[in-house]
Amino acid sequence: MFPYDAAGSTGEFDEALQKLLTEFETQKSGSTELFVVNDNVYPMGVSFQQLVEQPNIFTLTKGKGDSKHTDFSLIFKTILSDLKEGEVGVLFSDLIYSTESTTAQSATKILADVETLMQTTFAPQTKGKSLLLLKLNGQFKGTYYPHNGGGKPYSGSRPYYIALMATNATMKALLADPKFESLSRFSELPGFDSFHYFTSATDNLPFYTVLLKDAEQAGQFEQSRQERKERSNIVHTLENIKADRKTRGLTIALGVDLGGFYLPESYKADPKSYEIESDEGFKIQKIVAEKGPEGYTHKFLLTTPEPQGGGKREINIRLKRKFPPRWITQTHTQDDSNPNADAFAETTFGLLNFTRGIEKAYNPQNADTYFTISLTLNN
5 MFPYDAAGST GEFDEALQKL LTEFETQKSG STELFVVNDN VYPMGVSFQQ LVEQPNIFTL
65 TKGKGDSKHT DFSLIFKTIL SDLKEGEVGV LFSDLIYSTE STTAQSATKI LADVETLMQT
125 TFAPQTKGKS LLLLKLNGQF KGTYYPHNGG GKPYSGSRPY YIALMATNAT MKALLADPKF
185 ESLSRFSELP GFDSFHYFTS ATDNLPFYTV LLKDAEQAGQ FEQSRQERKE RSNIVHTLEN
245 IKADRKTRGL TIALGVDLGG FYLPESYKAD PKSYEIESDE GFKIQKIVAE KGPEGYTHKF
305 LLTTPEPQGG GKREINIRLK RKFPPRWITQ THTQDDSNPN ADAFAETTFG LLNFTRGIEK
365 AYNPQNADTY FTISLTLNN
């Protein structure tokens, strides 16, 4: 990682590191412990203040370990096993798996190994701990070491990554608690590009309710007698349903709290990200980011041109769980041997295999949805 903070570079890496760690220090001064990671994990032996005051932060890491090789299995095992409630492990890295043995191996062998290693490394930790992976871009100026060995000079933009690890409860607070809002504005970090959140937290059924009398509603319906009898403010069942007089269609406004799902807003607000199952041909017309007093963050408009009516029927909506996201596919390469290649500035060797191993650990059953919510229509 030395070349990301080399003399003459534009300094995005250093700025992002200091900006993020300063936010942690602001929350609790003196709580930041610094380590160098490569072939092992080594205490840096300096304070956060000393790090900030150093013009070239990597001068503080010289002589600690072997910077040409990175054993991510050992690094992640060490970080994850040491994490306590209320702590966040933060790793800045290029995520290129490189041990002494990899220089004599084919790319295919390296990629297969790293996928297996990441799966076995994370599998024992997934029930209680989460990982947020950020992709950033920064100026690289120095020697690049490809997977097949031999350093090559390179000057230009390169991806790098910030991995944040914490217990599920700590990560949930970090991403959702208002007191950590300034800390969690990761998109404001210099060079920020994308992110992916790995978690197996089970509290994933969102709050949702039909928004009665919404301005975009078409047709007539009311909350079920049973829900009214229970004095429920949450509407999941509709009765006395009548199609719109003019269009003969039916449009239902549904408020859903997606705040607990750390996904790109563009994904959450895209109807194509959902599956909808309905005998009456309901479709998701649109999704709008909209906060309401009921506690929802997004309004879904469900519409059908010809409601059938009669009897009890359901509408089931599922948020698709897709891996890999597009940015991981686009950033992945199996050949990093030529720094002059057009895609070199935008790709990372083995990123897909690296992250797919982690995904397999967090999603061993290969679940293809984040949640299913259901509405009942009855008349």
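In the working numbering, the protein residues as written are 5 to 383. Heads up, the beta-carbon is just placed ideally off N, CA and C, and yes, glycines get one too. Since the model is a prediction, treat every value here as computed from it, not as a measurement.
Span of the alpha helix (DSSP H), counted from its first residue to its last, around residue i
i, result
"I362", "355-366"
"D270", "Before going further, note that residue 270 is Ser rather than Asp in the sequence given. Counting along the chain, the alpha helix (DSSP H) containing S270 begins and ends at 269-272."
"R189", "Here R189 belongs to no alpha helix (DSSP H), and DSSP marks it neither H nor E."
"V56", "52-57"
"F17", "16-31"
"T213", "It is not in any alpha helix (DSSP H) - T213 instead sits in the beta strand (DSSP E) that spans 212-214."
"T335", "330-335"
Limits of the unbroken beta strand (DSSP E) element including residue i
i, result
"K145", "133-148"
"Q227", "224-227"
"M169", "156-171"
"T241", "241-246"
"I377", "373-382"
"P47", "45-47"
"F39", "39-41"
Below-9 Å beta-carbon distance, residue i vs any chain D residue
i, result
"F199", "The chain inventory of the structure shown lacks chain D, comprising one protein chain alone."
Exposure label - residue i; buried when at least 16 CB within 10 Å
i, result
"R235", "exposed"
"S85", "exposed"
"E119", "buried"
"A167", "buried"
Residues that DSSP places opposite residue i in a beta bridge
i, result
"H302", "V260, A293"
"S282", "I319"
"F196", "L140"
"Y201", "L136"
"T308", "L254"
"I83", "Bridge partners of I83: none, in fact."
"K287", "T307"
"K324", "T373"
"T74", "S102"
"T352", "H336"
Could you tell me which whole beta strand (DSSP E) segments of length 3 or greater appear in the region 86-131? 93-97
Meets three-Cβ-pair contact criterion under 8 Å: the region 317-324 and the region 264-283: yes
The region 216-233 touching the region 337-348, judged by at least three CB pairs closer than 8 Å: no
Stretch-stretch touch, CB-based, cutoff 8 Å, three pairs: the region 179-193 with the region 34-41: no
May I ask you to verify whether the region 238-248 touches the region 282-295, counting CB pairs closer than 8 Å and requiring at least 3? no
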